[in-house]
Ligand SMILES: [Mg+2]
Ligand SMILES: [Zn+2]
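Numbering (the numbering used here), first residue to last: 2 to 169.
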């Protein structure tokens with residue numbers, strides 16, 4: 002049986018890739034890339050990490066925006082990151098809102114991470130989840146990947162250097 006040798010960095014979206022502004026983001030004008038994000042993700046990608054976004058988009062379940070609008074935001078983010086040579090391998094998101102019942106894809110649950118681990122044949126022990134909330138950390142731990150907490154909108158240089166130097 003082939004062993005799973007791929008590795009990935011899982012990334013929360015709001016507060017990690019784009020600016021957390023205290024509300025749902027579904028309008029292009031609210032999308033602001035965090036400082037240094039292209040440069041930092043490029044460093045990870047060059048070391049062979051896949052880049053996979055895992056986010057909660059409860060605004061869809063609330064009826065604020067559609068999956069099509071969320072997909073468009075992701076297309077837009079990818080286009081900006083491509084200027085740094087960065088390719089996001091996949092965006093996974095939970096479209097449910099807890100008001101309409103419990104699902105198993107919303108963080109802190111780990112179903113989306115597990116999907117990605119299977120699909121990309123990832124070795125969980127080689128993967129990290131970079132997030133800015135407790136629920137990101139919890140989801141990472143449940144899926145067996147290393148959780149790395151950052152401050153909302155922090156430049157990822159600190160954790161990326163930690164990962165690449167083997168210190169985290
Ligand atoms: Mg966040
Ligand atoms: Zn869900």
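Idealized CB from N, CA, C, for every residue including glycine.
Quick check: what's the CA-CA separation for residue i versus residue j?
| i | j | result |
| --- | --- | --- |
| residue 27 | residue 115 | 26 Å |
| residue 166 | residue 65 | 42 Å |
| residue 5 | residue 144 | 15 Å |
| residue 122 | residue 29 | 33 Å |
| residue 99 | residue 110 | 12 Å |
| residue 87 | residue 38 | 10 Å |
| residue 61 | residue 50 | 30 Å |
| residue 140 | residue 93 | 13 Å |
| residue 108 | residue 43 | 26 Å |
| residue 168 | residue 74 | 33 Å |
| residue 124 | residue 24 | 34 Å |
| residue 162 | residue 10 | 13 Å |
| residue 91 | residue 15 | 16 Å |
| residue 195 | residue 138 | Here the chain covers residues 2 to 169 and nothing more, so residue 195 does not appear. |
| residue 164 | residue 52 | 14 Å |
| residue 135 | residue 22 | 18 Å |
| residue 97 | residue 69 | 14 Å |
| residue 150 | residue 67 | 29 Å |
Classify residue i: buried if its beta carbon has 16 or more other beta carbons within 10 angstroms, exposed otherwise.
| i | result |
| --- | --- |
| residue 158 | exposed |
| residue 105 | exposed |
| residue 130 | buried |
| residue 113 | buried |
| residue 8 | buried |
| residue 120 | exposed |
| residue 102 | exposed |
| residue 118 | buried |
Do you know whose CA, among the options, lies nearest residue i's CA?
| i | options | result |
| --- | --- | --- |
| residue 126 | 107, 137, 148, 139 | 148 |
| residue 133 | 7, 9, 18, 8 | 18 |
| residue 20 | 93, 146, 154 | 154 |
| residue 12 | 84, 56, 85 | 56 |
| residue 48 | 128, 22, 138 | 128 |
| residue 89 | 41, 97, 135, 67 | 41 |
| residue 82 | 35, 67, 70 | 35 |
| residue 79 | 151, 32, 22 | 32 |
| residue 76 | 54, 45, 97, 164 | 54 |
| residue 46 | 151, 85, 95 | 85 |
| residue 95 | 146, 160, 59 | 59 |
Only counting runs of 3 or more residues, tell me where the beta strand (DSSP E) segments fall wholly within the segment 19 to 103, in order along the chain. 50 to 57, 91 to 95
Which runs of the alpha helix (DSSP H), 4 residues or longer, sit entirely within the segment 128 to 157? 135 to 144
Just to be sure I understand the criterion: a residue counts if its Cβ is closer than 5 Å to at least one heavy atom of ligand 2. Which residues meet that? 95, 97, 104, 106, 107
Residues with a Cβ closer than 5 Å to any heavy atom of ligand 1, in chain order? 13, 15, 16, 133
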